[in-house]
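The listed protein sequences derive, respectively, from chains S and C.
For the first sequence, the working numbering begins at 1 and goes up steadily by one.
For the second sequence, the working numbering begins at 1001 and goes up steadily by one.
Ideal Cβ positions, reconstructed from N, Cα and C, are used throughout, including at glycine.
Everything below concerns the one structure shown next.
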Amino acid sequence: MNVSHVPDVPAARPDDAEVIERSWHEPELFAEIFHRHFEEIHRYVTRRLGADTADDIAAETFLAAFRRRTKFDPARGAVRPWLYGIATNLIGLHRRAERRFYHALARTPAEHVAEGHEDRVTSRVSAGGVGAELALALARLSPGDRDVLLLVALADLTYEQVAEALDLKYGTVASRLNRARRKLREALGGVDPTLVVEESRA
Amino acid sequence: MNDMKLVRELLKEPPAPSGRVTAKALNLLEAEIAGGGRSPARTRRAARRWSLGFGGLAAAGVAAAITLALAGGGPATHSPQASEPTVAAYPGSPPPRAAKLSGDVRHMLLAAATIAEREPSATGKYWHVAYHSTELQTVGERHHPYVMRGQSRYEEWFDSDARQNGWELDQALGATPATAGDRAAWQRAGSPSSIPEVTSDPPEYNPRLSTSHGKPIVDVIKPGADAAGRGHAIPMTVARSLPVDPDKVKAVCDRYKETGQGPVNGYADGFECGVNLLIRYPLAPKARAGVYRMLAALPRINKENGVRDQTGRPGVGLWSDLTMVDDTGTTVRDRLILDPATGRPLALDTVVLRHGTGAARLYKKGIVQSSLIIQGMGWTNTPPKAH
Chain S
1 MNVSHVPDVP
11 AARPDDAEVI
21 ERSWHEPELF
31 AEIFHRHFEE
41 IHRYVTRRLG
51 ADTADDIAAE
61 TFLAAFRRRT
71 KFDPARGAVR
81 PWLYGIATNL
91 IGLHRRAERR
101 FYHALARTPA
111 EHVAEGHEDR
121 VTSRVSAGGV
131 GAELALALAR
141 LSPGDRDVLL
151 LVALADLTYE
161 QVAEALDLKY
171 GTVASRLNRA
181 RRKLREALGG
191 VDPTLVVEES
201 RA
Chain C
1001 MNDMKLVREL
1011 LKEPPAPSGR
1021 VTAKALNLLE
1031 AEIAGGGRSP
1041 ARTRRAARRW
1051 SLGFGGLAAA
1061 GVAAAITLAL
1071 AGGGPATHSP
1081 QASEPTVAAY
1091 PGSPPPRAAK
1101 LSGDVRHMLL
1111 AAATIAEREP
1121 SATGKYWHVA
1131 YHSTELQTVG
1141 ERHHPYVMRG
1151 QSRYEEWFDS
1161 DARQNGWELD
1171 QALGATPATA
1181 GDRAAWQRAG
1191 SPSSIPEVTS
1201 DPPEYNPRLS
1211 TSHGKPIVDV
1221 IKPGADAAGR
1231 GHAIPMTVAR
1241 SLPVDPDKVK
1251 AVCDRYKETG
1261 QGPVNGYADG
1271 FECGVNLLIR
1281 YPLAPKARAG
1291 VYRMLAALPR
1301 INKENGVRDQ
1311 TGRPGVGLWS
1321 DLTMVDDTGT
1331 TVRDRLILDP
1341 ATGRPLALDT
1351 VVLRHGTGAA
1361 RLYKKGIVQS
1371 SLIIQGMGWT
1381 NTPPKAH
């Protein structure tokens, strides 16, 4: 099962897109996509919804991806952003749960949020004492702005990959990200316009 | 200050999923692979198994988010299902007979308090609240937008044992044109069933509003995560032992006020908190009376007779002088609608005071931008059941 998580294995290993294309006729090959990406997708969903909800959404992401595998177009981009897009759309069905998660985070005094079952505890620290304001500001963002912000911040996607993942134009990604960051900075009370361009990855 | 870094720190990298979680997800995928891609019938069965599996888990008390994919349903024992009727009795029956509440705001609220505290105490296994919600949305062409009213069903169930999970159900019920003029605009556009929303983004990138019903989305509400709403995060357990004294109710409101909600004066704050308690929480009769008395003691609460909620029920409107500006630049305020005979809450409207910018110019003064309409709230011994 531990096939992956090593980014650059040489030649012998077919790349993601090739695996998906072959899975059109040999569906069981799709399990390879799961092995390569489940952990990463699970982490992303956990950071937005909390551990318990994440277990199901992450699983559902791969079911949905499998069902849509013939719609994946290698010409349009890589598998990773495609999976993030599916996960993000599934998270979008749980907006109230996501907002509730951020509100719970805002109420958590600095040290911890007990997460998950079976004694699995995730420790969270408040972001330099501004955690509550930041969590509430995240909850208040429009869902579209929040999706873009968190794909850049958490999934480390480039603007182009976010555009692929969410089926948006590049310019829309940029404008949504700017608006989201402006709102966060306003909520945090510090206004430094230079930050807008600081993390641009074009 | 680097905001992106702060976000990453706040939403801290979690540990990797456990072997059990990974194995379960892989099993589901392998079942799908084994059944999928060959015959549609087998795919449907796989989807059904999936839904039932999560229903069962939720019933067993394991936290799970459930996307109800099944049509036709199955015997998931304790999780709410798509076809469950939206019914819940308000605590106390038969409804008390009362003269029409009259007089000024204060007298009316004090009379509502008297009625509330005479209601019999109700108990049950689950506290259930059911709402119908409406929200206006500007849609269509950027330069020729019109307005659709989106509708949805929203329900919550909370176990009387605060250590148990609760559930929420959210289902889009389809959008309809807001006015006759909007209907004409919609028909001119070819009566589309899926229409791009108009926001400050270019139209082709906006989300779309649908005229048809969506799937019911059910999420688990974990123990301790049941506080919500209107800037005051009051947990269910606190509400269930809410003090009776109006000053102490106000103190509870102040204690659970959320930070970062902007400057709000004390009495408008009290109004928002009291409204939230009345429309969502399981309050004992005397505590409910205490909330009405707290509202009665607030200055600058206004009253308007002869209003109707969005489903046409007649009521009395109450509002504080708190106004808010939303994302579209529209200035709005909350209006609580009470049943004129009993003082019970019927709905909470967001009313436009001043139109916004861009397409939001269509939100004229006086229209109800969004509304939460109470369909029922009460204790029930019947768990949310499958059909």
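| Leaving out five residues before and five after S:Leu-188 in sequence, what residues of the same chain have Cβ atoms less than 7 Å from its Cβ? | Val-130, Glu-133 and Leu-134
| field | Among C:Glu-1030, C:Trp-1319, C:Asp-1326 and C:Val-1368, the one whose alpha carbon lies nearest that of C:Ser-1133 | value | C:Val-1368
| task | Indicate the three-state DSSP secondary structure (helix, strand or coil) for C:Phe-1158 in the structure shown. | result | strand
| Terminal residues of the alpha helix (DSSP H) in which C:His-1143 lies | From DSSP, C:His-1143 is part of no alpha helix (DSSP H); its letter is neither H nor E.
| S:Leu-184 at chain C interface by Cβ criterion, 8 Å | yes
| query | Where does C:Ser-1371 sit, in a helix, a strand or coil, going by DSSP? | reply | strand
| query | What does S:Thr-46 touch in chain C if you count any residue whose Cβ is under 7 Å from its own? | reply | Pro-1014
| message | Tell me the residue span of the beta strand (DSSP E) that contains C:Arg-1354. | response | 1345-1354
| message | Which residues in chain S have a C-beta closer than 8 Å to the C-beta of C:Arg-1008? List them in chain order. | response | Ala-153 and Leu-154
| request: Give the straight-line distance between the Cα atoms of C:Tyr-1126 and S:Thr-172, rounded to the nearest whole angstrom. | output: 45 Å
| query | C:Met-996 CB to nearest chain S CB: under 8 Å? | reply | Given a span of 1001 to 1387 for chain C in the structure shown, any question on residue 996 of chain C remains unanswerable.
| field | S:Pro-27 at chain C interface by Cβ criterion, 8 Å | value | yes
| said: Please report whether the beta-carbon of S:Arg-96 lies at a distance below 8 Å from any beta-carbon of chain C. | reply: yes
| task | Please state whether DSSP places C:Gln-1310 in a helix, a strand or coil. | result | coil
| query | On the premise that C:Arg-1300 lies in contact with C:Ala-1113, defined as a C-beta separation below 8 Å, what is that separation, rounded to the nearest angstrom? | reply | Actually they are not in contact, since the Cβ atoms of C:Ala-1113 and C:Arg-1300 sit about 19 Å apart, beyond 8 Å.
| Interface residues of chain S around C:Lys-1250 at Cβ under 9 Å? | Simply none; closest approach about 20 Å.
| Alpha-carbon to alpha-carbon, C:Gly-1270 and S:Asp-218 | Coverage of chain S is limited to positions 1 through 202, which leaves residue 218 of chain S absent and any answer about it impossible.
| message | Please report whether the beta-carbon of C:Pro-1017 lies at a distance below 8 Å from any beta-carbon of chain S. | response | yes
| request: Could you spell out where the beta strand (DSSP E) holding C:Tyr-1167 opens and where it closes? | output: The amino acid occupying residue 1167 of chain C in the given sequence is Trp; Tyr does not appear at that position. Run containing C:Trp-1167: 1166-1177, per the beta strand (DSSP E) assignment.
| Does the separation of the CB atoms of S:Phe-101 and C:Leu-1029 fall below 8 Å? | no
| Since C:Ala-1359 and C:Pro-1145 are thought to touch, with beta carbons under 8 Å apart, how far apart are those beta carbons, to the nearest angstrom? | 4 Å
| request: Please determine, among C:Val-1139, C:Met-1236 and C:Ser-1152, the residue with the shortest C-alpha to C-alpha distance to C:Gly-1166. | output: C:Met-1236
| query | In terms of residue numbering, what span does the alpha helix (DSSP H) encompassing C:Asp-1182 cover? | reply | 1180-1188
| Is it true that the CB of S:Ala-31 sits closer than 8 Å to the CB of S:Val-45? | no
| field | Where S:Ala-51 meets chain C, residues with beta-carbon distance less than 7 Å | value | Pro-1014
| Candidates S:Ile-86, S:Arg-185, S:Lys-71 and S:Asp-52: closest to S:Asp-147 by CA position | S:Ile-86
| query | Nearest-angstrom Cα distance between S:Pro-209 and C:Tyr-1281? | reply | Since the first residue of chain S shown is 1 and the last is 202, residue 209 of chain S is not available in this structure.
| field | Nearest to C:Gln-1171 (by Cα), restricted to the options S:Arg-95, S:Leu-150 and S:Glu-21 | value | S:Arg-95
| query | When you compare each of C:Glu-1168, C:Val-1147 and C:Ser-1160 to C:Ala-1180 by their alpha carbons, which one comes out closest? | reply | C:Val-1147
| task | Let me know the alpha helix (DSSP H) ranges lying completely inside the segment 1207-1242 of chain C, each 4 residues or longer, listed in chain order. | result | 1236-1240
| message | Run through chain C and tell me which residues come within less than 7 Å of S:Ala-104, C-beta to C-beta. | response | Ala-1225
| So what does DSSP say about S:Gly-189, is it helix, strand or coil? | coil
| query | Hey, S:Ser-154 and S:Ala-180: beta-carbon distance below 8 Å or not? | reply | Note that residue 154 of chain S is Leu in the sequence shown here, rather than Ser. Contact: no.
| With distances taken from CA atoms, which of C:Leu-1101, C:Gln-1151, C:Val-1332 and C:Ala-1185 is nearest C:Val-1141? | Before going further, note that residue 1141 of chain C is Glu rather than Val in the sequence given. Comparing Cα positions, the closest option is C:Ala-1185.
| field | Opening and closing residue of the alpha helix (DSSP H) in which S:Ile-41 lies | value | 31-49
| query | If we count the other Cβ atoms within 10 Å of its Cβ and call it buried at 16 or more, is S:Ala-106 buried or exposed? | reply | buried
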